[in-house]
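Residue 1426 in our numbering is what sits at position 270 of the sequence shown, and the numbering runs on without skipping anything.
Glycine residues also receive a C-beta, built at the ideal position from the N, C-alpha and C atoms.
Report on one structure; see the data block that follows.
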Amino acid sequence: MKIDCGLRIADCGLAGQRLGLRQSSGAFNTATNSSPVSFWPWRRSSGFTFHVSRFTHHAFTLIEVIISSSLMALILASGYVCFSAAIASQKAIEPRADLLQNARVAMSLMSADLRSACSLSKDFDLLGMHRMLGNVDADNLDFATHHYSPKQSNEGDYCEESLFIDRDPRTGELVLWRRRNPRISLDPLTGGVKEEIARGVAGLRFEYFDGFDWYDSWGDVQGQAKAQNSLRQRSNLSGMPYAIRITLWLDQNPPGKKTSTSTGETAATQQALMFQTVTRINLASSLSQSAASSDSSDQSSQSPSSGDQGGNPQ
1157 MKIDCGLRIA DCGLAGQRLG LRQSSGAFNT ATNSSPVSFW PWRRSSGFTF HVSRFTHHAF
1217 TLIEVIISSS LMALILASGY VCFSAAIASQ KAIEPRADLL QNARVAMSLM SADLRSACSL
1277 SKDFDLLGMH RMLGNVDADN LDFATHHYSP KQSNEGDYCE ESLFIDRDPR TGELVLWRRR
1337 NPRISLDPLT GGVKEEIARG VAGLRFEYFD GFDWYDSWGD VQGQAKAQNS LRQRSNLSGM
1397 PYAIRITLWL DQNPPGKKTS TSTGETAATQ QALMFQTVTR INLASSLSQS AASSDSSDQS
1457 SQSPSSGDQG GNPQ
């Protein structure tokens, strides 16, 4: 028996079974009677019934909510730990960066002045004294340099200079000072203007190289005339050194700086940082050659008189 759409009831049933359609998902129900089939909503037939499928709604279970919450808490905790570590690293690096910058500037200023060093006076070319300020190395260095830009009309590129450290009476920390006097004075160790180079200094040392050995001091520091044999034995009593080794210590926590004691840092981690460089004096070789030529001329001028005296014993 055929219906209006040209399909048999048996064929419709077999097609529904082959497609795996269920009655709850909109399948066609067959009937035993042979009444005509109608697909219109206002005409319902007992032969076929069209069922509209309903969508099923799903939700999270309690286990899924607990697992997702745990993962979210773990991610947030990891992010907080990373952020805290970054902040702590920044707080630890910033003081070190400032300290390294201060050391770089101080060493570059001293090296530039010493590189162009020249004779200070007729009594001594360069005067370096080793001294202690409590338990701290506090060397003094007096010299003249051509590394100077004139600021007035009656000035040249010659400048008397002194490098030393002194304690600040207000904060109690050690400060590296530089005295500069562009005018030639009767006393080359006084006068001029004092300017600050670095703060938080924990020590300053100068070592002098004569071409063979290193010395802690240079020049006639005591201001007393030396015998000729002592000048020959110790070359650091006159002339200019070929190189100067500068050693600078900077305190990580100077007295004038506020620091928190809650970090629990030990004294070993708060030791002063040491910076060292070697500066070559460009005019040292020329000054030594001129001094050697003057000594040879003096010896040659004295040799005829000694020869005449040697011929008198007759």
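Whole-Å CB distance - residue i paired with residue j, under 8 angstroms assumed
{"i": "Leu1255", "j": "Leu1406", "result": "5 angstroms"}
{"i": "Met1396", "j": "Leu1439", "result": "7 angstroms"}
{"i": "Tyr1398", "j": "Asp1366", "result": "6 angstroms"}
{"i": "Glu1363", "j": "Ile1400", "result": "7 angstroms"}
{"i": "Ala1262", "j": "Leu1404", "result": "6 angstroms"}
Nearest to residue i (by Cα), restricted to the options the options
{"i": "Ser1309", "options": "Asp1376, Val1357, Arg1339 and Val1292", "result": "Arg1339"}
{"i": "Asn1258", "options": "Leu1439, Gln1246, Ser1394 and Ile1353", "result": "Ile1353"}
{"i": "Cys1274", "options": "Arg1355, Tyr1398, Trp1333 and Phe1299", "result": "Phe1299"}
{"i": "Met1430", "options": "Tyr1364, Lys1350, Val1292 and Asp1324", "result": "Val1292"}
{"i": "Pro1325", "options": "His1286, Arg1355 and His1214", "result": "Arg1355"}
{"i": "Arg1287", "options": "Leu1297, Phe1280 and Asp1279", "result": "Leu1297"}
{"i": "Ser1434", "options": "Ala1242, Ser1264 and Ala1244", "result": "It should be pointed out that residue 1434 corresponds to Val in this sequence rather than to Ser. The candidate whose alpha carbon is nearest that of Val1434 is Ser1264."}
{"i": "Ala1428", "options": "Ala1215, Thr1403, Ala1358 and Leu1276", "result": "Ala1358"}
{"i": "His1302", "options": "Cys1315, Asn1392 and Ala1215", "result": "Cys1315"}
{"i": "Lys1278", "options": "Lys1307, Ser1305, Ser1341 and Lys1247", "result": "Ser1341"}
{"i": "Ser1305", "options": "Leu1282, Gly1290, Arg1323 and Asn1337", "result": "Asn1337"}
{"i": "Leu1282", "options": "Arg1436, Leu1393, Asn1409 and Ser1441", "result": "Leu1393"}
{"i": "Gly1328", "options": "Phe1368, Asn1409, Met1228 and Ile1223", "result": "Asn1409"}
{"i": "Ser1441", "options": "Phe1216, Leu1218 and Ser1272", "result": "Ser1272"}
Secondary structure of residue i, DSSP reduced to three states
{"i": "Asn1438", "result": "coil"}
{"i": "Tyr1371", "result": "strand"}
{"i": "Lys1350", "result": "strand"}
{"i": "Lys1307", "result": "coil"}
{"i": "Gln1257", "result": "helix"}
{"i": "Tyr1236", "result": "helix"}
{"i": "Gln1408", "result": "coil"}
{"i": "Met1430", "result": "strand"}
{"i": "Arg1361", "result": "strand"}
{"i": "Ala1399", "result": "strand"}
{"i": "Leu1283", "result": "strand"}
{"i": "Ala1215", "result": "coil"}
{"i": "Ser1462", "result": "Its pLDDT being 42, under 50, Ser1462 is placed unreliably in this model, and the value from its coordinates should be taken loosely. The answer is helix: DSSP assigns Ser1462 an H, G or I state."}
Short CB-CB distance (under 9 angstroms) between residue i and chain B
{"i": "Ala1273", "result": "The structure shown has no chain B; it contains just one protein chain."}
Heavy atom of the ligand SAH within 8 angstroms of residue i beta-carbon
{"i": "Leu1342", "result": "Questions concerning the ligand SAH fall outside what the structure shown contains, since it holds no ligand whatsoever."}
- Query: Do the region 1265-1274 and the region 1222-1241 meet, that is, are 3 or more Cβ pairs less than 8 angstroms apart?
  - Reply: no
- Counting Cβ pairs closer than 8 angstroms, one from the region 1242-1260 and one from the region 1309-1325, do we hit at least three? no
- Message: Suppose only complete runs of 3+ residues qualify. What are the beta strand (DSSP E) ranges in the region 1289-1338, listed by chain order?
- Response: 1296-1301, 1315-1323 and 1330-1337
- Message: Assess contact between the region 1365-1375 and the region 1343-1352, defined as three or more Cβ pairs (one per stretch) separated by less than 8 angstroms. Is contact present?
- Response: no
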